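The block underneath contains the structure these notes are about, expressed in C-alpha cells.
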Amino acid sequence: MARFSLTRTGSADYRDYLRSPQWGFRRVRWFRDARSRGCEPACPVCQLTLTEAGTLDLHHLRYDGVQRETSTGAWKAQEKDEDLMPMCRAHHEQLHAFLDARKEYLGWDRRRATVLIVVRMIRRYRKKTT
Numbered sequence: 000m001a002r003f004s005l006t007r008t009g010s011a012d013y014r015d016y017l018r019s020p021q022w023g024f025r026r027v028r029w030f031r032d033a034r035s036r037g038c039e040p041a042c043p044v045c046q047l048t049l050t051e052a053g054t055l056d057l058h059h060l061r062y063d064g065v066q067r068e069t070s071t072g073a074w075k076a077q078e079k080d081e082d083l084m085p086m087c088r089a090h091h092e093q094l095h096a097f098l099d100a101r102k103e104y105l106g107w108d109r110r111r112a113t114v115l116i117v118v119r120m121i122r123r124y125r126k127k128t129t
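Take numbering that gives the first Met the number 0: the last position of the sequence shown gets the number 129, and nothing is skipped along the way.
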C-alpha cells in the first residue's frame, strides 16, 4: 500500500480521499461510535452539537490509518477515533486557514498544531461571546 501526503488541504490526494466512499463510511462510523459511548459530538470551540447542527465536519489530527491500495487505487480509511475531531464548518475552515497558511506551523506535528490553534480559537471565541 502506498502512503500519500494528505496533510495539505488543497492537495489532489486530500480532495480525492475526502470524496471517497471509504471516508464517508468512516465518518458515519465515527459519529455512531461517539454516540454509542454516550458522547454527543460537538465543536470544541463553540459547543455546537451534532443534534443542533445536523452535521459536523471531522478534522484529522493525524492521517495514520489512511492508505491507498497501490494495485486498485482504493482508499482504506482506518483512522483511530482519537485522530478525528468534530468541528462546526465555520471553525473547521478557520482552523485550516491557520494550519495551512501560516508558516509558523509548517513542520509541526499536526496534532500539536491543531490543539494549539483550537485553544487559541476557544479563547478568542469566549472573549467575543462574553
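For glycine and all other residues, C-beta sits at the position ideal for the given N, C-alpha and C. Just so you know, these numbers come straight off a predicted model, no measurement behind them.
query                                                                                                                                                                : result
What does the alpha-carbon distance come out to for the pair Phe3 and Ala89?                                                                                         : Confidence at Phe3 is low in this model, with a pLDDT of 45, below 50, so its placement is unreliable and the value that follows should be read with caution. Roughly 27 angstroms between the two C-alpha positions.
Cα-Cα, which of Asp80, Leu115, Glu78, Gln21 is closest to His95?                                                                                                     : Leu115
Roughly how far, in whole angstroms, is the beta-carbon of Leu60 from the beta-carbon of Leu83, given that I think they are within contact range, below 8 angstroms? : 7 angstroms
Is the distance from the Cβ of Arg131 to the Cβ of Leu57 below 7 angstroms?                                                                                          : Residue numbering for the chain in the displayed model covers 0 to 129; residue 131 lies beyond these limits and cannot be assessed.
Would you kindly report the start and end of the unbroken beta strand (DSSP E) that includes Val44?                                                                  : First-last for Val44: undefined, no H or E at that position.
With a cut-off of 8 angstroms on the beta carbons, I'd call Cys45 and Tyr124 a contact; round off their distance for me.                                             : 6 angstroms
In whole angstroms, give me the CA-to-CA distance for Ala41 and Asp32.                                                                                               : 14 angstroms
Glu81: buried (16+ other C-beta within 10 angstroms of its C-beta) or exposed?                                                                                       : exposed
Could you check how far apart the C-beta atoms of Ala100 and Gln21 are, in whole angstroms? I think they sit under 8 angstroms.                                      : Not really, about 28 angstroms apart at Cβ, beyond 8 angstroms.
Out of Lys102, Leu49, Thr71, state which residue places its alpha-carbon closest to the alpha-carbon of Pro85.                                                       : Leu49
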